[in-house]
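Quick mapping for you: the protein sequence lines, in order, are chains P and W. Residues -2 to 319 in the working numbering are what the first sequence spells out, letter by letter. Residues -2 to 319 in the working numbering are what the second sequence spells out, letter by letter. By construction, the Cβ of each residue, glycine as well, lies at the ideal position given by its N, Cα and C atoms. All of these numbers come straight from a predicted model, not from anything done at the bench. Step one of this worksheet: look at the structure below.
Number of protein chains: 2
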Amino acid sequence: MPLPEKALIRRIRDRAAKYPGAGPHGVIGIGDDCAVVPIPRGHEALVTTDFSLEDVHFKRVWHPPESVGHRCLARALSDIAAMGGEPLAVFLSLAVPPSLPQKWVDGFLRGLLTLAREFNVSLAGGDTAKSPGGILADIVGLGSVPKGKGVLRSGARPGDRIYLTGELGASAATIDLLSSGKKLRPREFASHFFPRPRVAVAGFLRERGLASAMIDISDGLSTDLGHICDESEVGAELESEAIPVATVGNAARRVDLRFALHGGEDYELLFTAPPKKRVPLRIAGVAVRPIGVVTRARQMFLVQKGGVRQRLQPQGWEHFNK
Amino acid sequence: MPLPEKALIRRIRDRAAKYPGAGPHGVIGIGDDCAVVPIPRGHEALVTTDFSLEDVHFKRVWHPPESVGHRCLARALSDIAAMGGEPLAVFLSLAVPPSLPQKWVDGFLRGLLTLAREFNVSLAGGDTAKSPGGILADIVGLGSVPKGKGVLRSGARPGDRIYLTGELGASAATIDLLSSGKKLRPREFASHFFPRPRVAVAGFLRERGLASAMIDISDGLSTDLGHICDESEVGAELESEAIPVATVGNAARRVDLRFALHGGEDYELLFTAPPKKRVPLRIAGVAVRPIGVVTRARQMFLVQKGGVRQRLQPQGWEHFNK
């Protein structure tokens, strides 16, 4: 059954109420002009917004609705993590075509709310509309961080070591398989369909004051490292051998290096730390690997095993339909 | 010239930088994973999100881009006002079709940023994407209010008086004229094209503790009063003669009462106040009128001059293409 706009608001409100315990104490959510969210004492607010647009960020034939809802929220949680912050509440603007089955919306909300509950954030508001085209979602993440302690992109200094959580390239490799017409089981390609935002790792790094700059891998390593270099006015050298290349599927096939270097939407954390800081090789169950060093010269290089240096250009992640 | 996604981000960032002085001290904005926004001491955060979708909330042939940008932001500021809050920062998610001229985006940003500067809020972040259909904007408003002092929809009590700022119906009447094929000069129909969010009125009401419940007229008087009644578990009686019906155009033509009762997007404030509170008839230059009373019986009535009572049903504002 299609969902008119008012019914959609009720649906979201009802579903959100079925995931109680999610969210910080005292949030006044859906059902007023604004949500009211207490910010912890001594903290400042973090805000991020991310589109999830049909045929730009997901395809209905590729992505089950649970995955679309999960990924939609994961983008926001990962952005908050990249600042070293704690998520507090999320807001969903959702426009759907009148013909969309209610089942799809229910699956989407199930995916989103399951992840929200896990990270203790409430779905505290948003907007709904009839979409003139495909499904349009915009997620807003509200988090907080102790005053002045947010980890920015601009704090990297020459000599800092560069670290990465987890492995890279699985998401882009999965898109590549889907594009070639392969049918995939989402649970076997969970890095793409159900990525894990690294909130706990980021919290550890921020509490210990380990990271000088941080970003999440949403546009691809070469592009996101480029953002840190731009904002910090530095360069970087990555050791090609050190870059953790993901495996995908039950066969654990190692993906192509170019997916690890330039593929996006891995939602791992890329951060820098001064050389005197001791960064654990495992944080909150996630592998953390040194992959290079920050340089004064404002260029990025990939250094091969034999020492050959090759320029690394940001090859921004373009969504799959571009 | 069309705007690829990366160029669009730069454009927004450059334009936002040209409106300095806008925004609270200390906001770290566009150029990191999240914006960092200090919340005033003793305050809690207010968050609202609102879609502005082409052919749902605006039409390119009717609305100049400056008006679309202005109205987009006005929706967020009005929601923050309806809580008695102060706006701090706004975030814009904007997806445009590749064919959209840069001139349109510049006009849109000019309209949005001019209003932002006037209300001292910074455009502190957002997202951009290629749109698979028309122009898609989602505005996020972040504001604050002293802890526990946010004016909710749920505080109306039987016996409270019902008040309204300004006049109603101009926006719906303007849409009606546009729908009939009339060409209009936006500055002559400013209530629709360039509505004024009632932030100063709301701040006055909250500081003096005058309002027991408040909402802004975005869906129409009958629907928005219905929201207050639902959330407060009360009813209402409005005096038909007391409802301030707007005039439009240079000829100052009085609009039809049904536009005042059911038309949306006027962005006036509807609030209730206990009978012992003295509510000024003019606040921050805006007329404030008593229009009815809150009742115990959970129904809404319109009372004619001669005393005839007639049921008032929420006739929700449906956007013009529904």
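Residue i versus residue j - alpha carbon distance
| i | j | result |
| --- | --- | --- |
| Leu258/P | Ile240/P | 8 Å |
| Phe256/W | Gly166/W | 4 Å |
| Pro287/P | Glu265/P | 14 Å |
| Cys31/W | Gly123/P | 18 Å |
| Val142/W | Lys100/P | 38 Å |
| Leu43/W | Ile77/W | 7 Å |
| Ser229/W | Arg295/W | 10 Å |
| Arg250/W | Gly260/W | 16 Å |
| Pro272/W | Ser209/W | 11 Å |
| Thr156/P | Arg150/P | The amino acid occupying residue 156/P in the given sequence is Gly; Thr does not appear at that position. Their backbone Cα atoms lie some 16 Å apart in a straight line. |
| Gly304/W | Ile280/W | 30 Å |
| Val285/W | Thr162/W | 4 Å |
| Val24/P | Ile9/W | 32 Å |
| Lys146/P | Val118/W | 23 Å |
| Phe317/W | Ala71/P | Since pLDDT at Phe317/W reaches only 47, below the 50 mark, its modelled position is unreliable, and the value read off the structure follows with that caveat. If I take the Cα positions, the gap works out to 34 Å. |
| Gly223/W | Phe190/P | 41 Å |
| Lys144/P | Ala73/P | 20 Å |
| Val291/P | Leu207/P | 15 Å |
| Glu236/P | Ala121/P | 43 Å |
| Phe105/W | Pro94/W | 14 Å |
Outcome for residue i when other beta-carbon atoms lying within 10 angstroms are tallied against a minimum of 16
| i | result |
| --- | --- |
| Val58/W | exposed |
| Leu278/P | exposed |
| Lys15/P | exposed |
| Lys179/P | exposed |
| Arg7/W | exposed |
| Arg38/W | exposed |
| Ala113/P | buried |
| Ala248/P | exposed |
| Glu204/W | exposed |
| Asp135/P | buried |
| Arg308/P | exposed |
| Arg293/P | exposed |
| Ser219/W | buried |
| Asp47/P | buried |
| Asp11/P | exposed |
| Val87/W | buried |
Residue i - DSSP class collapsed to helix/strand/coil
| i | result |
| --- | --- |
| Ile288/P | strand |
| Val118/P | coil |
| His189/W | helix |
| His60/W | coil |
| Val65/P | helix |
| Gln312/P | coil |
| His259/P | helix |
| Pro95/P | coil |
| Asp253/P | coil |
| Ser90/W | strand |
| Val24/W | coil |
| Gly147/P | coil |
| Ala126/P | strand |
| Pro183/W | helix |
| Val231/W | coil |
| Arg275/W | coil |
| Arg158/W | strand |
| Gly240/W | Checking the displayed sequence, the identity of residue 240/W turns out to be Ile instead of Gly. Note: Ile240/W maps to coil in three-state DSSP. |
| Ala13/P | helix |
| Arg8/P | helix |
| Ile280/W | strand |
| Val196/P | helix |
Expected contact under 8 Å - CB spacing of residue i and residue j to nearest Å
| i | j | result |
| --- | --- | --- |
| Ala170/W | Val245/W | 5 Å |
| Val196/P | Phe268/P | 14 Å between Cβ atoms; not a contact. |
| Glu164/P | Ile36/W | Glu164/P to Ile36/W, Cβ: 37 Å. No contact. |
| Gln64/W | Ala92/W | This sequence places Ser at residue 64/W; Gln is not what is there. Actually they do not touch by this definition, with Cβ atoms about 19 Å apart. |
| Ser168/W | Ser188/W | 6 Å |
| Leu5/P | Val137/P | About 17 Å separates the two Cβ atoms, so there is no contact after all. |
| Asp227/W | Ser75/W | Not confirmed; about 20 Å, so no contact. |
| Gly200/P | Gly81/P | 7 Å |
Worksheet item: Of the residues that make up the region 119 to 132 of chain P, which ones have a beta carbon closer than 9 Å to any beta carbon in chain W?
Response: Ala121, Gly122, Gly123, Asp124, Thr125, Ala126, Lys127, Ser128, Pro129, Gly130 and Gly131
Practice prompt. Could you list the residues in the region 87 to 107 of chain P with a C-beta less than 7 Å from some C-beta on chain W, going in chain order?
Written response: Phe88, Ser90 and Ala92
Discussion item. Along the region 43 to 55 of chain W, where does the CB come closer than 7 Å to a CB of chain P? Name the residues.
Written reply: Leu43, Val44, Thr45, Thr46, Asp47, Phe48, Leu50, Glu51, Asp52 and Val53
Worksheet item: Along the region 168 to 198 of chain P, what residues have a CB closer than 9 Å to any CB found in chain W?
Response: none
Item to complete: Pull out every residue of the region 26 to 37 of chain W whose Cβ sits closer than 8 Å to any Cβ of chain P, in chain order.
Response: Within the region 26 to 37 of chain W, the residues whose Cβ lies closer than 8 Å to some Cβ of chain P are Gly28, Asp29, Asp30, Cys31, Ala32, Val33, Val34, Pro35 and Ile36, listed in chain order.
Worksheet item: Taking a cut of 7 Å between CB atoms, which residues from the region 279 to 307 of chain P lie near chain W?
Response: none
Fill in: Interfacial residues, the region 200 to 234 of chain W to chain C, with Cβ spacing under 9 Å
No chain C is part of this structure, whose protein chains are labelled P and W.
Worksheet entry | Proximal residues, the region 63 to 78 of chain P versus chain W, C-beta separation under 7 Å | Asp76 and Ile77
Worksheet item: Using a Cβ cut-off of 8 Å, which residues of the region 133 to 147 of chain P contact any Cβ in chain W, in chain order?
Response: Listed by position along the chain: Leu133, Asp135, Val137, Gly138, Leu139, Gly140, Val142, Lys144 and Gly147.
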